[in-house]
Amino acid sequence: MSVHKDFHGALSCCLEYIYKKYGEKELDMCLRQIARNVYKPLIESLKTRGLAALEEHWRRIFTIEDGEFDLRYDGDVLVLNVKKCPAIWHMRERGYRIFEKFCEHCRIVNDEICKAAGYNSSVDYDQDAGSCTQKFWRRREG
Amino acid sequence: MISCTEFILAYNEIFNYLHEKHGKEAVVDLWKYISDEFLQNLDELVAKKGIQGMKEYWSRTLEEEGADYEIKATEDEFVIEMYKCPSVGILRRTKHIKVYPYYCEHCKVLYSRVVEKYGFDYNLEIIDTNAGRCRLTIRKKR
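Going line by line, the protein sequences match chains A and B. So the first sequence is residues 1 to 142, counted in our numbering. So the second sequence is residues 143 to 284, counted in our numbering.
Next comes the structure, spelled out in structure tokens:
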């Protein structure tokens, strides 16, 4: 499957624009709207099938994009370890300017998807290294 | 990570968000920003090679995106006959999203700003927004 990775650069540019023009809060709201609307089927799937839905999602997109990653379960927590983020590496290879808060979009989008489905998430990233660890687990009631 | 395969949906949602919050002018301002800040690769190709540079740029991007198109390039004129725009195809196939009604207009703003600087006239004829059919004609100014 052919993919047009320059879209990562275009996304970075869009996020940078919203941040510069409207500020951090608006960028957060915009990303949360993207999460709720674009990832609606993933939210539904996460609700009904649990973490297997997210596991499949990440495996599919990181494989298509040729990222270096591994997925594992640590007890009830799904752990996505991204060793070489395809977005960061592609933008760097092409010489695109990378929005200083680019990796924040992963944290915010994951958070909104998970919240809507009754899950929690965390993202620990190093944007300069192009690596991160993302975790997902079911929200405990009470 | 918002995958490059999901970018068109996120892009469309950013347009929806900005339009709903700040009006169409805010969306057009975003397009101008992308043109000025992100399309340096097209800019450099047109500056160095003119119409040949346009052919190089769009041949690569449209192939990667899987477009159904035809390019005609002569000494004075560059034409893209788009039979099925891949972005429009994605938007129309994705039933759970709201398609931004002015989506196709981004191509008018993004690319005209680049090529007009180098003495070309730019004309985008949007023939059928549902089918993703359009004709882009760029001509050397006399």
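Here a beta-carbon is modelled for each residue, glycine too, at the ideal position from N, C-alpha and C.
For residue j and residue i, believed in contact at Cβ under 8 Å, the rounded distance
| i | j | result |
| --- | --- | --- |
| A:Val82 | A:Ser121 | Not confirmed; about 14 Å, so no contact. |
| A:Ile159 | B:Ser145 | Here chain A has residues from 1 to 142 only, and residue 159 of chain A is not among them. |
| B:Cys246 | B:Thr271 | 5 Å |
| A:Arg32 | A:Ile108 | 6 Å |
| B:Asp185 | B:Val256 | 5 Å |
| B:Glu198 | A:Ser2 | So it is not a contact: roughly 17 Å between Cβ atoms. |
| B:Glu179 | A:Cys13 | 6 Å |
| B:Gly274 | B:Lys214 | Wrong, their Cβ atoms sit about 19 Å apart, outside the cutoff. |
| B:Glu219 | B:Arg284 | So it is not a contact: roughly 12 Å between Cβ atoms. |
Span separating the alpha-carbon of residue i from that of residue j
| i | j | result |
| --- | --- | --- |
| A:Glu24 | A:Asn110 | 17 Å |
| B:Gln182 | A:Arg59 | 33 Å |
| A:Met29 | A:Glu16 | 14 Å |
| B:Lys166 | B:Cys276 | 22 Å |
| A:Tyr96 | A:Ala116 | 33 Å |
| B:Ile150 | B:Tyr242 | 11 Å |
| B:Tyr153 | A:Leu11 | 7 Å |
| B:Ala189 | A:Leu71 | 45 Å |
| A:Cys114 | B:Thr216 | 52 Å |
| A:Phe69 | A:Gly118 | 25 Å |
| A:Arg138 | A:Ile43 | 13 Å |
| B:His238 | B:Met196 | 35 Å |
| B:Ile156 | A:Ile34 | 7 Å |
| B:Ala168 | B:Leu160 | 6 Å |
| A:Thr48 | A:Glu55 | 14 Å |
| A:Phe136 | B:Tyr175 | 35 Å |
| B:Ile193 | B:Tyr264 | 12 Å |
| A:Glu104 | A:Met91 | 16 Å |
| A:Thr133 | A:Gly50 | 19 Å |
| B:Glu223 | A:Asp76 | 52 Å |
| A:His57 | A:Arg94 | 26 Å |
| B:Glu258 | B:Pro228 | 25 Å |
| A:Lys21 | B:Glu148 | 24 Å |
| A:Arg140 | B:Thr203 | 46 Å |
| A:Glu65 | A:Ala87 | 8 Å |
| B:Leu266 | A:Leu46 | 42 Å |
Span of the beta strand (DSSP E) around residue i
| i | result |
| --- | --- |
| B:Thr279 | Arg275 to Lys282 |
| A:Phe62 | Careful: A:Phe62 lies outside any beta strand (DSSP E), inside the alpha helix (DSSP H) at Leu51 to Ile64. |
Reduced DSSP secondary structure (H/G/I, E/B, other) of residue i
| i | result |
| --- | --- |
| B:Met224 | strand |
| A:Tyr73 | strand |
| B:Phe262 | strand |
| B:Leu181 | coil |
| B:Ala141 | In the structure as shown, chain B starts at 143 and stops at 284, and residue 141 of chain B therefore has no counterpart that could be examined. |
| B:Ile268 | strand |
| B:Lys241 | Here the sequence assigns Val to residue 241 of chain B, which means Lys is not the residue at that position. Of the three classes helix, strand and coil, the one that applies to B:Val241 here is coil, per DSSP. |
| A:Ser12 | helix |
| A:Arg139 | coil |
| A:Ser154 | Residue 154 of chain A lies beyond the residue range present for chain A, which begins at 1 and ends at 142; the question has no answer from this structure. |
Alpha helix (DSSP H) segment containing residue i, residue limits
| i | result |
| --- | --- |
| B:Asn272 | Unbroken run through B:Asn272: none, as it is neither H nor E. |
| A:Ser2 | Segment: none, A:Ser2 is in no alpha helix (DSSP H) and carries neither H nor E. |
| A:Gly119 | It should be noted that the sequence gives Tyr, not Gly, for residue 119 of chain A. No alpha helix (DSSP H) holds A:Tyr119; the beta strand (DSSP E) holding it covers Tyr119 to Asp126. |
| B:Gly195 | Ile193 to Glu207 |
| A:Ile98 | Careful: A:Ile98 lies outside any alpha helix (DSSP H) and carries neither H nor E. |
| B:Ser254 | Glu247 to Val257 |
| B:Ile150 | Phe149 to His164 |
| A:Met29 | Glu24 to Val38 |
Closer than 7 Å: residue i CB and nearest the ligand NAP heavy atom
| i | result |
| --- | --- |
| B:Tyr175 | This structure simply doesn't include the ligand NAP, nor any ligand for that matter. |
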